[in-house]
Every structure is written in structure tokens, then in C-alpha cells.
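Asks: Offset between the sequence shown (1-based) and our numbering: plus 1284.
Glycine is no exception: its CB is placed at the ideal position from the N, C-alpha and C atoms.
The structure that follows is given in the form of C-alpha cells.
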Amino acid sequence: MAIAYVPRPAAIVIDIEGTTSSTWFVHRTLYPFSRAHFEPYLLKDAPAIWELRRSICAEAGLSEESSTQELVEVLNAWLDRDEKRTPLKTLQGMIWRDGFDSGELTSHFFPDAVPTLRRWRGEGIRLAVFSSGSIDAQHAWFGHTPEGSILPLIESHHDTRTAGPKKVARSYEVIRQQLGLPAQRILFLSDLVDELDAAAADGWLTCGVRRRGDQYWERGVAGHPEITRLDELHWEGGHR
């Protein structure tokens, strides 16, 4: 058990994979589900898909005349390398949203996550999400938990398209400005030290979440405060 004390924040911005939810669930359930649907989605005749195809071509340096099969190969290669490419995440968000809406998918949360998010919100702390997964995917994820939708707990959603890369300090500046709070009143929770470092570089409070057995557990979180469950986080002055 690890307990961390930090100043009470006005807002908490949470990562998803490795923080509220298992990275293994994402890799072993969601990734294969999206991979199986890349081709049929890219073949849809819709403006959003046309734009997505152009984005994939631009990101991969391909001609806009590239075949669907070529685009699928690019997407599979990005997924194999776990690259957080915005066109990939956008398409996954579309696929997952439909999978959640149809009942084929249900999101995963660690047992401590949802009760702790509810408690923080009940304490008047604002909650936001910053994930490499698209905002569409985030809405689907928080809207289809085993406990039903918890979207009302979340004030705002941010992804790499709206804020920027998660390992770059400028992205946290963008989110801070959108929240309208000073950096020292915002707490960021993540399992990845590079993301924590980027948030700290913009002046945010940080706390690393190390879920034993999850993908990045052995990497540690360097000099950041550390917890293994969200309910191990306490506010300085003796209050949770």
C-alpha cells in the first residue's frame, strides 16, 4: 500500500490506461476489436470517413489515391507499435463508440476507480480526462461502465487532437487555459513518468499511479508522488 499527500486541487485531470483502467484490457480487448473493423469502416461512404482517409494518407506520407488495403496496413502497423497517431485514435473512437452502443463492449475500471471519482466530485473537485484515446472513445468509455454511465462526473474531455501530445508541456498549458485555473491548482494522474514530467513542467501537481502487474508498473514514476490505487491519495492537512 502506498499513500501520497498532495495539496487539495481544484481540478483533477485523469489518464485512463493504467490509471483508472487496465492497459491490458485495452490491448487485449479493444485493440483487436478495432483491428477487425478497420476495413469495413474505411469503406463507408461518409464525409467523416473521407476526411479520415485523407488524414491517414497525410500522416503516413501516402497519396490520397491509396487503396483501402494500403490504409489498413498503415493502421495495423501503427497499432502493432502502439503509436498514438491521431487518425488511428479517431477511427478507433468511432469503432469503439459503436461497439459500446451496441452492447458488444463494456469498459473496464479498477474497483477503486469509480467510487473514488464519485467521492472527489462530491467534494466539489472538478474532474477532467486527458487521454490519447479520442474524445469519442472517452465518451463511450465513461458512458458504458459496468455501473452504467458516469459521464456526469466528468466536466471536460481532452485528447491529442484538441490539446496536443501527452508528453509535451504545451499540451498541459492548453488544458490549463481551458480549465481557467492556475497550474498549482490542477492535479494530473498518470502511470507514465514522461506524461507526469510534462505536466510538472507546466507547473501542475502530479501523482503517479502504479498498478501492480499493469503494463508500465516496473518503470516507476521517478520523483513524483506515487499511489497504487486512487483511494490512497490524500490531501495535505490530514484530509483525503
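Hey, could you find the ends of the alpha helix (DSSP H) Y1500 is sitting in?
Replies: It is not in any alpha helix (DSSP H) - Y1500 carries neither H nor E in the DSSP assignment.
Asks: Assuming contact is defined by CB atoms lying nearer than 8 Å, are C1491 and L1473 in contact in what I supplied?
Replies: Closer than 8 Å, so yes.
Asks: With I1419 as the anchor, note down where its alpha helix (DSSP H) starts and where it stops.
Replies: I1419 -> alpha helix (DSSP H) spans I1419 to G1427.
Asks: Which of the three DSSP states, helix, strand or coil, is assigned to H1442?
Replies: Here H1442 sits in strand by DSSP.
Asks: Would you please state the rounded distance, in angstroms, between the beta carbons of S1418 and K1368? I believe it to be under 8 Å.
Replies: 11 Å between Cβ atoms; not a contact.
Asks: Would you identify the three-state DSSP class for V1413, choosing helix, strand or coil?
Replies: Of the three classes helix, strand and coil, the one that applies to V1413 here is strand, per DSSP.
Asks: I1296 to I1409, Cα distance in whole Å?
Replies: Each residue's Cα considered, the two are about 7 Å apart.
Asks: With a threshold of 8 Å on Cβ separation, who are the neighbours of V1452 within its own chain once the five nearest residues in sequence on each side are excluded?
Replies: Correct list, in chain order: A1482.
Asks: Tell me the rounded alpha-carbon separation between G1377 and D1420.
Replies: G1377 and D1420: Cα-Cα distance of roughly 5 Å.
Asks: Work out the CA separation of L1514 and E1502 for me, nearest whole Å.
Replies: Computed Cα separation, rounded: 18 Å.
Asks: Among L1437, W1362, V1493 and A1330, whose alpha-carbon lies nearest the alpha-carbon of T1307?
Replies: It is V1493.
Asks: Just how far apart, CA to CA, sit P1430 and F1394?
Replies: Computed Cα separation, rounded: 11 Å.
Asks: Sort E1343, H1392 and R1403 by Cα distance to G1432 and report the nearest one.
Replies: Considering only alpha carbons, the answer is H1392.
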